[in-house]
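Working notes, structure below.
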Amino acid sequence: KTFGKLEFVSGLVLATKNGEMGAVSGIRLLDHGTKFISVMDTGHWATGTIERDKDGKLTGLSDYRITSMMDPNGTGAHDKDNFDSESLAIGEHHIYVGFERYDRINAYPYPGFETAMPDNVQLPILKKGDRLKSNGGMECILKTPDQGPLRGAILFVAEKSYNKEGNFIAGVQSGPMKGTFYVERLAPYDVTDGVFLDDGSFLLLERKFGLTDGIGMRIRKFSQADIKPDATIKGETLIEADFSHQIDNMEGIDAYKAADGSTHLIIVSDDNHSLLERNLMLEFRLLP
5 KTFGKLEFVS GLVLATKNGE MGAVSGIRLL DHGTKFISVM DTGHWATGTI ERDKDGKLTG
65 LSDYRITSMM DPNGTGAHDK DNFDSESLAI GEHHIYVGFE RYDRINAYPY PGFETAMPDN
125 VQLPILKKGD RLKSNGGMEC ILKTPDQGPL RGAILFVAEK SYNKEGNFIA GVQSGPMKGT
185 FYVERLAPYD VTDGVFLDDG SFLLLERKFG LTDGIGMRIR KFSQADIKPD ATIKGETLIE
245 ADFSHQIDNM EGIDAYKAAD GSTHLIIVSD DNHSLLERNL MLEFRLLP
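When you number the sequence shown by the working numbering, it's gap-free, plus one each residue, and the end is 292.
What follows is the structure, encoded as structure tokens:
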């Protein structure tokens with residue numbers, strides 16, 4: 005059950021009868037890990053309740069709903085270039101969604117996001133000379149802690165857009181540390197999602213996925229204290245897994261505090277609506 009610095013708790017393979025579930029690219033947990041909001045890279049919201057048995061192990065989902073996102077004109081999802089939603093972060097009054105291809109952060113009213121148009125759109129903070137790839141840009145966005153050095157700013161990390169040193173382009177959208185920074189890339193992995201923990205550190209979920217490098221998942225831990233304009237931050241590897249560990253195209257991660265005070269992680273995969281891939285939900289306990 006122990007893999008690196010994580011302990012496996014339980015896992016599910018998820019599906020809906022007519023194949024509507026799929027393409028899940030980011031997830032955020034609510035109510036102590038019992039409910040969730042997720043985004044699909046087809047421009048849809050997916051929400052529901054996580055069911056567990058008496059021992060706390062995952063048993064399934066209920067109240068599962070998929071709804072189309074709206075653009076600023078009130079138009080629903082219809083175009084991959086404009087609705088490639090890859091990540092989300094929850095603030096006090098808004099849910100922020102990161103989009104690739106046309107890289108931006110849309111702020112949707114919270115509650116009411118499922119039927120609302122965004123009331124604010126931000127473009128990524130980029131240093132002169134840096135640019136985001138069309139299908140490798142704003143893959144991960146995070147809401148930083150209000151009381152930390154980043155003062156609650158939205159932070160992004162690019163999936164596979166690199167600076168001249170080959171490191172991930174990242175940015176802080178506002179506040180005293182506003183500006184571009186970089187995250188050390190350890191090839192062949194690229195970034196898919198992240199989460200801030202209660203101690204102020206944050207995790208990045210990374211994956212490799214292809215015929216050459218195979219399928220892999222890695223989670224690294226970073227300190228927000230290291231984030232400053234132009235800095236390159238380095239992390240500590242908590243887990244690295246490959247296809248032999250029953251993973252898939254792992255794209256979303258979030259954390260919650262369990263009843264015993266330990267930190268649990270929920271990690272989900274994107275099946276790309278492919279018969280060869282699966283929608284996985286895996287739960288781990290972060291070891292002390």
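By construction, the Cβ of each residue, glycine as well, lies at the ideal position given by its N, Cα and C atoms.
The structure presented is a predicted model; accordingly, all values stated were derived computationally and were not measured.
- Message: Given a cut-off of 7 Å on the beta-carbon distance, is the pair residue 142 and residue 211 in contact?
- Response: no
- Query: residue 258 by DSSP, collapsed to three states: which one?
  - Reply: strand
- Query: With a cut-off of 8 Å, do at least 3 Cβ pairs link the stretch 114-123 to the stretch 139-156?
  - Reply: no
- Message: Rounded to whole angstroms, what is the Cα-Cα separation between residue 60 and residue 132?
- Response: 49 Å
- Measure how close the beta-carbons of residue 87 and residue 46 come, nearest whole angstrom, since I'm counting them as under 8 Å. 7 Å
- Query: Does the beta-carbon of residue 217 have 16 or more other beta-carbons within 10 angstroms, so that it is buried, or is it exposed?
  - Reply: exposed
- Item | Proximity of residue 237 and residue 226 at Cβ, strictly below 7 Å | yes
- Using only alpha-carbon positions, find the residue among 234, 240, 215, 214 that is nearest to residue 223. 240
- Query: Buried or exposed: where does residue 82 fall if 16 or more other Cβ atoms within 10 Å of its Cβ makes it buried?
  - Reply: exposed
- Query: Under 7 Å between the Cβ atoms of residue 284 and residue 273?
  - Reply: yes
- Burial state of residue 48, where buried means 16 or more other Cβ atoms lie within 10 Å: buried
- Task: Return helix, strand or coil for residue 20, following the three-state DSSP convention.
- Result: coil
- State the start and end residues of the unbroken beta strand (DSSP E) segment that holds residue 126. 124-126
- Query: Looking at the structure shown, is residue 117 part of a helix, part of a strand, or coil, going by DSSP?
  - Reply: helix
- Task: Check the C-beta distance from residue 196 over to residue 209 and give it rounded, since I have them as a contact under 8 Å.
- Result: Confirmed, Cβ separation roughly 5 Å.
- Message: Which of the three DSSP states is assigned to residue 194 in this structure?
- Response: strand
- Message: For residue 111, which residues in the same chain have their Cβ closer than 7 Å to its Cβ, ignoring the five residues on either side in sequence?
- Response: 98, 100, 122, 123, 124
- Item | Residue ranges of each beta strand (DSSP E) within the stretch 200-287, 3 or longer | List check, beta strand (DSSP E) in window: 205-214, 218-227, 240-246, 254-261, 267-273.
- Query: Using the C-alpha atoms, what's the distance from residue 189 back to residue 234?
  - Reply: 15 Å
- Task: Would you mind reading off the limits of the beta strand (DSSP E) that contains residue 185?
- Result: Taken as a continuous stretch (DSSP letters only), the beta strand (DSSP E) holding residue 185 covers 183-187.
- Task: Give a yes or no on whether the C-beta atoms belonging to residue 177 and residue 129 are separated by under 7 Å.
- Result: yes
- Can you say whether residue 17 is buried or exposed, counting buried as having 16 or more other CB atoms within 10 angstroms of its CB? Residue 17 should be labelled exposed.
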